[in-house]
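First residue of the sequence shown: 405, per the numbering used here; consecutive thereafter. Glycine residues also receive a C-beta, built at the ideal position from the N, C-alpha and C atoms.
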Amino acid sequence: MREINIEELCIKYPLIHELKQLKNVFWENEKYLKHNTNDGLQFTDVIDAQKRLERFEPYIQLAFPETANVNGKIESEIVEIANMKMLIERSRGQQIPGKLMLKCDHELPISGSIKARGGIYEVLKHAETLALNNGLLQMNDNYAKMHDESFRTFYSQYKIAVGSTGNLGLSIGIMGAKLGFNVTVHMSSDAKEWKKALLREKGVTVIEYETDYSKAVEEGRKQAELDPMCHFVDDENSKDLFVGYAVSALRVTDQLNQLNIKVDQEHPLFVYLPCGVGGGPGGVAYGLKQVYGENVHIFFAEPIQSPCMLLGMMTELHAEISVQNIGLTNKTEADGLAVGRASSFVGKLMESILSGCYTVDDRFLFRSLKGMYEQESIFMEPSAHAGVYGPIILFNEGTNYLEKHNLVDQLEQSTHLVWSTGGSMVPKEQRQLYLTTEL
Ligand SMILES: *Cc1c(COP(=O)(O)O)cnc(C)c1O
């Protein structure tokens with residue numbers, strides 16, 4: 405690791421002062437569309453992942469009967485949130501030109517968060533590889549056979565481990581346990597009690613840490629390395645997780661087409677994604693950029709105390725710098741985003757793809773949570789509301805970006821897609837608590 409000289413960094417990147425002052429900041433990525441770090445990733449990997457998920461649909465339908473009506477496809481809707489848009493415009497005294505849409509990953513089947521994409525995908529891929537290598541499965545079989553007890557017995561010899569702030573653990577735990585794996589989830593201190601309890605109910609081993617997410621991942625990785633029968637789902641580095649998330653882009657294209665929403669030079673698409681370590685939003689961004697090129701403009705959203713991706717990308721130090729290095733606490737009610745050190749694999753890959761990052765205060769998250777519930781009858785967990793702040797900051801601190809990329813005249817025909825990332829599994833009492841929280 406390089407020595408970090410904070411004073412020097414602050415001079416070179418004055419935005420650090422504003423981060424330290426806990427302001428909501430907008431950071432424009434100067435390397436957008438310039439660099440091209442590929443990092444061994446091919447778009448064919450994403451197509452491959454999509455096909456793999458399709459092979460698993462007959463199994464998923466059987467293992468999770470609630471997915472029978474969608475034929476075992478793990479996908480969420482895109483809906484217009486016009487009432488929420490009016491509320492924002494009214495309360496901020498500011499117009500938001502274009503349509504405001506919500507990608508409802510809080511409703512993804514099986515685990516109710518964006519982690520149902522990458523997390524479940526990686527478990528399925530691992531299960532498939534083991535079964536193929538041991539002659540239990542052929543790729544052209546009907547994967548419904550994996551629901552047999554014999555498969556559960558086979559997988560019970562194997563272990564899966566993961567470090568998580570909560571939702572990744574839920575996804576890996578639910579899917580892994582269903583297949584028959586022995587799953588251990590290393591949970592950071594931010595993880596909610598109900599998530600740990602739910603996992604234990606499903607037979608998952610939950611190990612709790614007093615420290616934050618990075619430590620939970622590190623410990624999980626260390627313990628898994630000692631055991632050849634254990635597969636570690638590495639949230640900081642996994643390409644499988646990443647491509648699982650990226651499949652969403654192929655689905656979004658179909659969905660927007662069906663909604664008659666155009667994306668081209670005259671109809672720009674703005675996408676706002678809550679960001680923790682970066683894998684989820686990074687995968688989605690990678691996929692969307694492949695599909696829509698320069699007509700999609702993607703922004704990551706982070707809590708004011710946890711701007712790890714902004715900090716890592718801006719300073720180009722990526723995982724070598726943490727938010728604690730600049731005096732932030734990494735304490736936030738947005739538990740899914742409580743990450744102090746970003747994935748460097750994702751950060752580097754985002755250099756040419758990401759338009760920018762912004763930070764948002766917890767107070768906004770709770771006001772948005774309440775507003776969304778009242779206006780649209782949609783419940784999303786606090787983390788998921790980080791995206792809602794996107795259009796607001798873009799039309800204030802971010803107007804330079806709009807001018808620079810000649811977007812000003814296209815705004816009326818534009819679409820803002822707020823990516824909701826979690827919430828449908830939150831128990832009733834916890835929901836009530838969130839809905840009555842005022843910061
Ligand atoms: C994990 C998570 C994110 C962000 O995903 P990362 O891969 O950690 O960047 C966003 N929202 C919620 C609710 C999450 O659980």
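Span separating the alpha-carbon of residue i from that of residue j
i, j, result
"Ser555", "Leu536", "Looking at the sequence provided, one finds Phe at residue 555 rather than Ser. Each residue's Cα considered, the two are about 12 Å apart."
"Leu692", "Tyr417", "29 Å"
"His789", "Asn800", "18 Å"
"Val792", "Leu811", "20 Å"
"Glu640", "Thr819", "31 Å"
"Thr763", "Thr557", "47 Å"
"Lys582", "Glu532", "14 Å"
"Ile482", "Glu807", "28 Å"
"Lys596", "Glu706", "19 Å"
"Thr719", "Arg459", "42 Å"
"Glu737", "Ser568", "15 Å"
"Leu660", "Thr733", "39 Å"
"Tyr547", "Val750", "32 Å"
"Asp452", "Gly682", "22 Å"
"Ala565", "Ser593", "17 Å"
"Gly731", "Met543", "51 Å"
"Leu506", "Phe468", "25 Å"
"Arg771", "Glu842", "7 Å"
"Lys752", "Leu645", "16 Å"
"Ser759", "Val608", "39 Å"
"Lys438", "Ala746", "21 Å"
First through last residue of the beta strand (DSSP E) which encompasses residue i
i, result
"Ile702", "700-707"
"Val527", "Where Val527 is concerned, there is no enclosing beta strand (DSSP E), although the alpha helix (DSSP H) it sits in stretches over 519-537."
"Ala565", "563-568"
"Glu484", "482-484"
"Val764", "760-764"
"Val429", "First-last for Val429: undefined, no H or E at that position."
"Glu612", "609-612"
"Thr588", "586-591"
Check: residue i C-beta below 7 Å from any heavy atom of ligand 1
i, result
"Glu785", "yes"
"Val651", "no"
"Pro685", "yes"
"Met513", "Sequence inspection shows Pro at residue 513; the Met mentioned does not correspond to that position. Checking every heavy atom of ligand 1 against the Cβ of Pro513, none is found closer than 7 Å."
"Leu741", "yes"
"Thr736", "no"
"Ala472", "no"
"Leu828", "According to the sequence provided, residue 828 is Ser. The question's Leu does not apply to it. False, no ligand heavy atom lies under 7 Å from that Cβ."
"Asn571", "yes"
"Lys519", "yes"
"Pro678", "yes"
"Thr763", "no"
"Gly584", "no"
"Gly682", "yes"
"Thr733", "no"
"Thr825", "yes"
Assigned exposure category for residue i - 16 Cβ within 10 Å defines buried
i, result
"Asn571", "buried"
"Met633", "exposed"
"Gly740", "buried"
"His701", "buried"
"Ser642", "buried"
"Met550", "buried"
"His421", "exposed"
"Ser515", "buried"
"Gly697", "exposed"
"Phe406", "Note on residue identity: the sequence assigns Arg, not Phe, to residue 406. Flag for Arg406 reads exposed."
"Pro711", "buried"
"Met717", "buried"
"Ser618", "buried"
"Leu574", "buried"
"Thr369", "An answer regarding residue 369 cannot be provided, because it is not within the stretch 405 to 843 covered by the chain."
Continuous alpha helix (DSSP H) stretch holding residue i: start and end
i, result
"Gly577", "571-583"
"Val667", "Run containing Val667: none; DSSP gives neither H nor E here."
"Val750", "748-753"
"Leu621", "Per the sequence shown, the amino acid found at residue 621 is Val instead of Leu. Start and end: 617-629."
"Phe862", "With the chain running from 405 to 843 in the structure shown, residue 862 is simply not present."
"Thr471", "Run containing Thr471: none; DSSP gives neither H nor E here."
"Ile410", "410-416"
"Glu553", "553-559"
Residue i Cβ short of 7 Å to ligand 3 heavy atom set
i, result
"Ala788", "Here the bound small molecules are ligand 1; ligand 3 is not part of this structure."
8 Å Cβ cutoff, residue i in contact with chain C
i, result
"Ser748", "Absence of chain C from the displayed structure is noted, only one protein chain being present."
Length at least 3, wholly inside the segment 672-735: the beta strand (DSSP E) runs in chain order: The qualifying runs are 673-678, 700-707.
Sequence ranges, beta strand (DSSP E) only - wholly within the segment 792-831, length at least 3: Those beta strand (DSSP E) runs which fall completely within the segment 792-831 and span 3+ residues are 819-824.
Segments of 3+ residues assigned as beta strand (DSSP E) that fall wholly inside the segment 487-512: Counting only runs of at least 3 residues, the segment 487-512 fully encloses the following beta strand (DSSP E) elements, listed from N- to C-terminal order: 503-508.
If we require 3 or more residues per run, which beta strand (DSSP E) segments fall completely within the segment 435-464? The qualifying runs do not exist here; there are none.
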